[in-house]
Each structure stands twice: as structure tokens, then as C-alpha cells.
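First up is the structure itself, then whatever we jot down about it.
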Amino acid sequence: KAGVTQTPRYLIKTRGQQVTLSCSPISGHRSVSWYQQTPGQGLQFLFEYFSETQRNKGNFPGRFSGRQFSNSRSEMNVSTLELGDSALYLCASSSDRGVETQYFGPGTRLLVL
Amino acid sequence: EDQVTQSPEALRLQEGESSSLNCSYTVSGLRGLFWYRQDPGKGPEFLFTLYSAGEEKEKERLKATLTKKESFLHITAPKPEDSATYLCAVLSFNKFYFGSGTKLNVKP
Numbered sequence: 056k057a058g059v060t061q062t063p064r065y066l067i068k069t070r071g072q073q074v075t076l077s078c079s080p081i082s083g084h085r086s087v088s089w090y091q092q093t094p095g096q097g098l099q100f101l102f103e104y105f106s107e108t109q110r111n112k113g114n115f116p117g118r119f120s121g122r123q124f125s126n127s128r129s130e131m132n133v134s135t136l137e138l139g140d141s142a143l144y145l146c147a148s149s150s151d152r153g154v155e156t157q158y159f160g161p162g163t164r165l166l167v168l
Numbered sequence: 003e004d005q006v007t008q009s010p011e012a013l014r015l016q017e018g019e020s021s022s023l024n025c026s027y028t029v030s031g032l033r034g035l036f037w038y039r040q041d042p043g044k045g046p047e048f049l050f051t052l053y054s055a056g057e058e059k060e061k062e063r064l065k066a067t068l069t070k071k072e073s074f075l076h077i078t079a080p081k082p083e084d085s086a087t088y089l090c091a092v093l094s095f096n097k098f099y100f101g102s103g104t105k106l107n108v109k110p
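Sequences listed follow chains F and E, in order. This note's numbering puts the first residue of the first sequence at 56, with every later residue one more than the last. This note's numbering puts the first residue of the second sequence at 3, with every later residue one more than the last.
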């Protein structure tokens, strides 16, 4: 089975711009979670989508939003970018049958200048 | 408050020198504890899932154990290629909580 894929892998933006990141889960997985990882804060949970519905949300401002499509692919959008949004954004998928392991993609490295 | 704490933050070992990494947690409704390995600039790679106290799992030089309050990742006779950051995560109800990781450096 192919793993979790994320596009693009690297991105450079300037303050005030917006960005959209994409995640394709493992085939058959219906749950997709997004995380922000920075050296100082570690892995911070952004939100989780399951069957096109946001099921859980972390403590991030409304500039961070996401959605999930009927094929379980997910996108994350960050509007009005700030310097502090520079991070590795990770997507993880699971099949959500009981207690299921999350499998991570390679991440998208975002640099905001 | 649900919390996951990993120690030590960093660990330097000589090749062949066995040691253990700790993950302590205070969460309600533990449904599973997960160990991941992360190399620089890459996504975390799944290692183990533990579901109940007393459970143990092994993979090559790694062995994970779980008690009611903490988990240990034992590394036996590590090699330089085991150098990475090891992350612990806990699933409580429907939310994952991650520790800040232990950065392991194994010198030849």
C-alpha cells in the first residue's frame, strides 16, 4: 500500500499571503489529522477530519482551516501568514476502526518570509 | 489536564551501550500509547502500539513496555543508525497527545 503523501514538500511564502497544503491518506483510511511541528513547540495538533467532517480541533486561530473530500483527501489552508507559521506541517491518517495507529506523511516544510 | 512528558530530552550513547527512554502520561481514558521514530526533516515513522499495562512489544533492538503511568522504550546494543528523535503519543478518547521527544545520538 502506498503511504501518506503530502504536496508540496517545500513552500516559501511571504507574510500576509495564504497557503493551501494537500494530503492524500493511505487507501482505505478515513481519518486525517494535521499537525504543526516546530523546534520550540514540538508536535501541535491542528484538527482531525473523518468522513468529510471536522471531528476534533486544536488550539489554533481561525486562520488555520481545513477540509476533507469524499475520497478522504484533505487540504489545510492558512490565511494571512505570519512569520511564526514557519514550520513542518504533518498529515497523518488512520482507518479509525477502534484504536488505530496514525501513519504520518513526509510533511510540508513552510517558510514564511 | 492531559499531558505526555518524555525524558530525557537528549541522550548520547556509545555504540553498544544499552539504555531506556521514558514516556510518562496523565490522561483520562487511555486507549493506546504509540512510539514513533523521526529523522530530521521527515515525518514520524510508526514503531509500536501498546494498549494495556503489562504489554510489551519488540522490534530488532527496540522493546517497548507499558505501565499504568508510563512507558519505556528500551534500546539494546544501539547502532549509529538508531540515532533519531523518538516520540511518544497517547490516544485519549479521540485525541492524540504527543510528547516533545527524546533526541538520541549513538556514536560509533
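Every residue gets a Cβ at the ideal spot worked out from N, C-alpha and C, and that includes glycine.
Check: Name the chain F residues that come within less than 9 Å of serine 102 of chain E, Cβ to Cβ?; Outcome: Gln96, Gly97, Leu98
Check: Using a cut-off of 7 Å between C-beta atoms, extract the partners of glutamate 46 of chain E located in chain F.; Outcome: In the sequence as presented, glutamate is not what sits at residue 46 of chain E; that position holds proline. Here the neighbours are Phe159.
Check: Quick one: using the 10 Å Cβ neighbour count with 16 as the cut-off for buried, is isoleucine 77 of chain E buried or exposed?; Outcome: buried
Check: DSSP state of leucine 136 of chain F, grouped into three classes?; Outcome: coil
Check: The beta strand (DSSP E) that contains serine 86 of chain F, what's its start and end?; Outcome: 86-93
Check: Could you tell me how far apart the beta carbons of phenylalanine 27 of chain E and lysine 71 of chain E are, in whole angstroms, since I believe they sit closer than 8 Å?; Outcome: In the sequence as presented, phenylalanine is not what sits at residue 27 of chain E; that position holds tyrosine. So it is a contact: roughly 7 Å between Cβ atoms.
Check: How should aspartate 140 of chain F be labelled, buried or exposed, when 16 other C-beta atoms within 10 angstroms of its C-beta is the threshold for buried?; Outcome: buried
Check: Would you list, in sequence order, the uninterrupted alpha helix (DSSP H) runs of no fewer than 4 residues that lie entirely inside the region 21-98 of chain E?; Outcome: none
Check: If you check the beta carbons only, do alanine 55 of chain E and leucine 68 of chain E fall under 8 Å apart?; Outcome: yes
Check: Cβ of threonine 93 of chain F less than 8 Å from any chain E Cβ?; Outcome: no
Check: For a contact defined as C-beta to C-beta under 7 Å, what are the partners of asparagine 96 of chain E on chain F?; Outcome: Arg110, Asn111
Check: Cβ of glycine 101 of chain E versus every heavy atom of the ligand FMN: is any distance shorter than 7 Å?; Outcome: In terms of ligand content, the structure shown is empty, and the ligand FMN therefore cannot be addressed.
Check: For leucine 98 of chain F and phenylalanine 124 of chain F, I'd like the C-alpha separation in whole angstroms.; Outcome: 25 Å
Check: Could you please give the first and the last residue of the uninterrupted beta strand (DSSP E) stretch that includes glutamine 5 of chain E?; Outcome: 5-9
Check: Rank E:Thr104, E:Gln5, E:Gly31 by C-alpha distance to the C-alpha of serine 94 of chain E and give the top, closest one.; Outcome: E:Gly31
Check: Determine, using beta carbons only, whether alanine 91 of chain E and arginine 39 of chain E come nearer to each other than 8 Å.; Outcome: no
Check: Looking at the structure shown, is isoleucine 81 of chain F part of a helix, part of a strand, or coil, going by DSSP?; Outcome: coil
Check: Going by CA-CA distance only, name the one from F:Gln109, F:Glu137, F:Trp89 that's closest to glycine 71 of chain F.; Outcome: F:Glu137
Check: Select from E:Glu58, E:Tyr99, E:Pro80 the residue whose C-alpha is nearest the C-alpha of leucine 13 of chain E.; Outcome: E:Pro80
Check: What residues from chain E crowd round leucine 166 of chain F, counting only those whose CB sits closer than 7 Å?; Outcome: Result: empty, since nearest Cβ-Cβ is about 13 Å, beyond 7 Å.
Check: Please name the residue in E:Glu11, E:Pro82, E:Asp4 whose C-alpha comes closest to that of glycine 95 of chain F.; Outcome: E:Glu11
Check: Quick one: residues in its chain with C-beta nearer than 6 Å to the C-beta of isoleucine 67 of chain F, no 5 flanking neighbours on either side, listed in chain order?; Outcome: Leu166
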